[in-house]
Amino acid sequence: MARTSSQERWLKFFNDVVYNALAPVYDGMDWLTLGAWWRLVRRAVDYVPPGGRVLEIGFGPGKLHAQLARRADVCVGLDLAWGMCQFTQRRLCRAELPSRIIRGSVFALPFPAGTFDAVVSTFAFSGFPNGQAAMSEMARITKRPGRVVLIDIGQPADGNRVGTFWAHLWEKMGDFLHDQPALMQASGLDMINFEEFGPGKHIRAVVGCKL
Ligand SMILES: C[S@@+](CC[C@H](N)C(=O)[O-])C[C@H]1O[C@@H](n2cnc3c(N)ncnc32)[C@H](O)[C@@H]1O
8 MARTSSQERW
18 LKFFNDVVYN
28 ALAPVYDGMD
38 WLTLGAWWRL
48 VRRAVDYVPP
58 GGRVLEIGFG
68 PGKLHAQLAR
78 RADVCVGLDL
88 AWGMCQFTQR
98 RLCRAELPSR
108 IIRGSVFALP
118 FPAGTFDAVV
128 STFAFSGFPN
138 GQAAMSEMAR
148 ITKRPGRVVL
158 IDIGQPADGN
168 RVGTFWAHLW
178 EKMGDFLHDQ
188 PALMQASGLD
198 MINFEEFGPG
208 KHIRAVVGCK
218 L
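Throughout the sequence shown, residue numbering follows the numbering used here, covering 8 to 218 in sequence.
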C-alpha cells in the first residue's frame, strides 16, 4: 500500500532527523518507557542460537547489537543512518565488543548469498516500503540451514481492539503492517515460529528457516 504524503513526511523526519542526528535520544526510549521497549526488542535474543555468523539490520542505537556481538562468533551490523552507525560503533568500542558496522540498505545487502547463520531485525522491517524485496534480500544472504528473526508490529491475529488500535497508530506514522509469514514463504523460508505479545498482542516474533 502506498504511503500518504503526511506518512511520507513522518518517515522522512525519522530518517533524516531522529535516526541520523538523534541517536542518543532514540536510545533514551528505554528510559522513557521504563524498560518496556527493551523488553520487546530483547526477545530477538531468544531466537538466535549462540555462535555462528550473525547480521543485524537496522540496529538503531545498538543495545541489542551489543548483546548479539557478545554471543556470535562473527557479528555484523548494517543500518541506513550514519548517526546510528556512529553511535553503535562507539557503544561497541566502549564495551570492547567486536562487530563490523556497515552503513547500507536492506535493499542492496553487500554480502554474497548464504553468508549468515542468522539475520536479525527489530522494528525496522515495518519501515521498509517494499517488504518482499527486503525479505528476499534477507533470505538470499542466509545460509542453509539458517534463520531470519524478526520482531515487529502486525495486526493481532484475533483482531482485538487494543492491538488493532496500536497497529493502526504505527501505520499512521508511516509504518507498514506487512504480512511477514507470507513474505517469508514467498522468499523460500519456512516459518518455524510465530508469537504475538506486547500491548494488545500487536508485536510479533516471526522466525523463518532456510532449509
Ligand atoms: C525504528 S528503528 C529500530 C531500531 C532498533 N532495531 C530498535 O529495535 O529499537 C529503525 C532502524 O532502521 C534503520 N533503517 C531504515 N531504513 C533502512 C534501510 N533501508 N536499510 C537498513 N536500515 C534501515 C533506521 O536507520 C533505524 O536505525
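Note that beta-carbon positions come from the ideal geometry of N, C-alpha and C, so glycine has one too. All values derive from a computational prediction rather than experimental measurement.
Across the structure, A115 and E144 are spaced so that their CA atoms are roughly 7 Å apart. The way I'd put it, the region 102-113 doesn't touch the region 155-169; fewer than three beta-carbon pairs between them come closer than 8 Å. In the displayed model, T149 falls within a strand according to three-state DSSP.
With a cutoff of 8 Å on beta-carbon distance, G84 and A125 are scored as not near each other. An exposed status is given to G166, since fewer than 16 other beta-carbon atoms sit within 10 Å of its beta-carbon.
Distance check between H209 and each of P117, L184, R50 places L184 closest, using alpha-carbon atoms only. Within the DSSP bridge table, the entry for C82 names V61 as partners. In the DSSP assignment, the residues bridged to M198 are G215.
Boundaries around V169 are those of the alpha helix (DSSP H), 168-179, since no beta strand (DSSP E) includes it. Of the residues assessed, R16 falls on the exposed side of the cut-off, its CB having fewer than 16 other CB atoms within 10 angstroms. Rounded to the nearest whole angstrom, the CA to CA distance from A88 to Y26 is 6 Å. In this structure, ligand 1 has a non-hydrogen atom nearer than 7 Å to the beta-carbon of S112. The straight-line gap separating the alpha-carbon atoms of L62 and E203 is approximately 23 Å. Shown here, R110 sits in a strand according to DSSP, grouped into three states.
Of the other Cβ atoms in all chains shown, fewer than 16 fall within 10 Å of the Cβ of R97; this residue is therefore exposed. Remark: the C-beta of N22 is in contact range of ligand 1, defined as less than 7 Å to any heavy atom. Straight-line spacing of the CA atoms in R77 and G69 works out to 12 Å. Assignment of L71 by DSSP, reduced to helix, strand and coil, places it in the helix class. Residue pairing by DSSP places R154 opposite A125, C216 in a beta bridge.
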